[in-house]
Amino acid sequence: MSLARDASFQPRTQAPDAVRAYLEDKDLQPGFDWRDIWQEEHALAFTVAKIMAKDVLADVKESLEKALAGGETFESWKARISDVLERAGWAGEREVTDPDTGEVAVTDLTAPYRLRTIWQSNMRTARAAGQWDRAQRTKRLMPYFLYQLGASEEHRPHHAAKEGTILPIDDPFWLQWFPPNGWGCNCWLRQISAAEAGRLGGVSVRPAVREVIYNNPRTGQRERIPEGIDPGWASNPGLVRETYLEERLNDGS
């Protein structure tokens with residue numbers, strides 16, 4: 033699959049409302065380490081590791097919101113956010129202190145790999161949330177998800193093993209195995225009809241998911257995570273947001 037077909041990675045048109053709302057509704061949460069905010073919390077909080085200044089974090093969030101709204105490319109956004117960070121005094125290497133430990137780390141937010149990570153992780157999770165919203169509205173006509181591999185030179189073995197998996201949209205498997213399933217993961221889901229599922233061999237046997245223990249060095253907690261999914265990525269962004277909005281509605285808030 034070419035990157036041109038992977039709309040979740042490189043938007044070229046204005047994103048649907050649900051995609052934009054996912055990012056816009058997030059609260060700002062400065063953090064020294066990405067593991068300070070864990071798993072489902074990322075669906076509700078916007079953070080970039082080592083951006084401790086809330087105003088700078090707000091600038092980055094706003095820049096991504098504009099990129100989604102305007103169908104901006106990565107290269108265009110990279111140039112724009114680099115200018116924003118330079119004006120804020122955050123271009124190039126700078127020291128950042130961990131408020132919990134006093135550790136001083138050197139970071140460069142304008143390094144190409146950092147900007148690509150920020151872009152890809154936020155764009156792909158926002159697109160995933162939008163896809164979940166759309167699937168809930170259209171599942172009577174297209175009731176299944178088909179797991180497919182993206183445009184990566186090398187695929188993680190556990191991800192490659194899921195290729196071709198066809199399961200109902202509301203199957204528990206998608207509670208955790210809803211792409212992206214890790215840093216730089218380009219896997220994606222295609223929503224399909226019952227007729228197409230039949231042509232492709234029918235509904236799959238749900239893949240067995242083995243859990244492993246991950247010791248989160250930031251929280252000190254022992255977490256059980258699915259083998260093959262990067263720590264912190266085993267969640268369904270759209271479902272988390274949907275559940276949160278339902279709880280707010282029921283609470284009258």
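To get my numbering, take the position in the sequence shown, counting from 1, and add 32. Idealized CB from N, CA, C, for every residue including glycine.
Beta-bridge analysis with DSSP links W122 to no other residue. In this model, T139 and G124 are separated by some 8 angstroms (Cα to Cα). Residue state for I113 is assigned as helix, using DSSP reduced to three classes.
When secondary structure is reduced to three states using DSSP, I150 falls in the helix class. Around the CB of S108, fewer than 16 other CB atoms lie within 10 Å, so the residue is classed as exposed. With contacts defined by Cβ atoms closer than 8 angstroms, I257 and V272 do not form a contacting pair. At least 8 angstroms separates the beta-carbon of G270 from that of D203. E278 sits exposed, since fewer than 16 C-beta atoms from the chains shown fall within 10 Å of its C-beta.
For the beta strand (DSSP E) assignment, the uninterrupted runs of no fewer than 3 residues enclosed by the stretch 169 to 214 are, from N- to C-terminal side, 176 to 180 and 198 to 200.
Under the Cβ criterion (8 angstroms, minimum of three pairs), the stretch 199 to 218 counts as touching the stretch 137 to 155. Judged by DSSP secondary structure, L232 falls outside any alpha helix (DSSP H); it is assigned neither H nor E. Contact between H191 and C217 holds, with the beta-carbon distance rounding to 7 angstroms and staying under 8 angstroms. Going by beta carbons, L55 and Y276 fall outside the 8 angstroms limit.
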